[in-house]
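One structure is given below, encoded as structure tokens.
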Amino acid sequence: MEQTFREFHRRTGATFVYVTHDQAEAMALASHIAVMHKGKLMQWGAPQELYQQPNSAWVAAFVGQGSILNLDIPGEDRQQVLIRPEHVHLHEEGLAVQVQRCVFQGERYWVQGVLADGQSLAWYHHSPCLEHSQVTVRCTQGWVLQNENH
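The following block contains the structure:
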């Protein structure tokens, strides 16, 4: 069906609205996506923009997978930071995390851990991580989320 929609759009140039709850399908098909919650438009933008630059913690939690951590940012009060699982890597130095769960997903493992302050962090890894073990991770990318009260 995705290929049929793509081909139809390519041939006709027609604009069409497609409503789905399947995020992967929406990301693959759409040039722009409207994220709705309880009848309210939460964010509108290109799939990459929604994934990489969510405008709120709600959109960040809803679109894709990720962990929202409260972190001290230099020169700022504690901020909410979105960390996507593909940007977390085991490393010799970094954040200490206790592995809580490790789930095989075929081409990778999904790992969920807990930081010393109790915050949850999830990441992908190519091999299993022993549950209840202590590991050290580095985050290569993150996004500071805007305060939803503004």
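All the letters of the sequence shown, read from the start, carry residue numbers 40 to 189 under the working numbering. Backbone N, C-alpha and C define an ideal beta-carbon position, used for all residues, glycine too.
Check	Outcome
Between the Cα of Ala63 and the Cα atoms of Val176, Phe101 and His130, which residue gives the shortest distance?	Phe101
Quick test of the definition: if touching needs 3 or more C-beta pairs under 8 Å, does the region 159-175 touch the region 81-99?	no
Just the C-alpha distance for Val153 and Thr54, rounded to the nearest angstrom, thanks.	45 Å
Should Asp61 be flagged as near chain D, meaning a C-beta pair shorter than 8 Å?	The structure shown has no chain D; it contains just one protein chain.
Output the boundary residues of the beta strand (DSSP E) element that contains Glu132.	Val127 to Phe143
Could you check which residue in Ala155, Asp156, Cys178 and His165 has the C-alpha nearest to that of Arg147?	His165
Would you call the region 172-184 and the region 124-132 in contact, with 3 or more CB pairs under 8 Å?	yes
At what residues does the beta strand (DSSP E) containing Tyr90 begin and finish?	That residue, Tyr90, is in no beta strand (DSSP E); its alpha helix (DSSP H) goes Pro86 to Gln91.
Considering only DSSP beta bridges, list what Trp83 is partnered with.	Ala73
Can you grab the Cα-Cα spacing for the pair His189 / Leu110, in whole Å?	The predicted position of His189 is uncertain, since its pLDDT is 42 and thus under 50; no value can be drawn from it.
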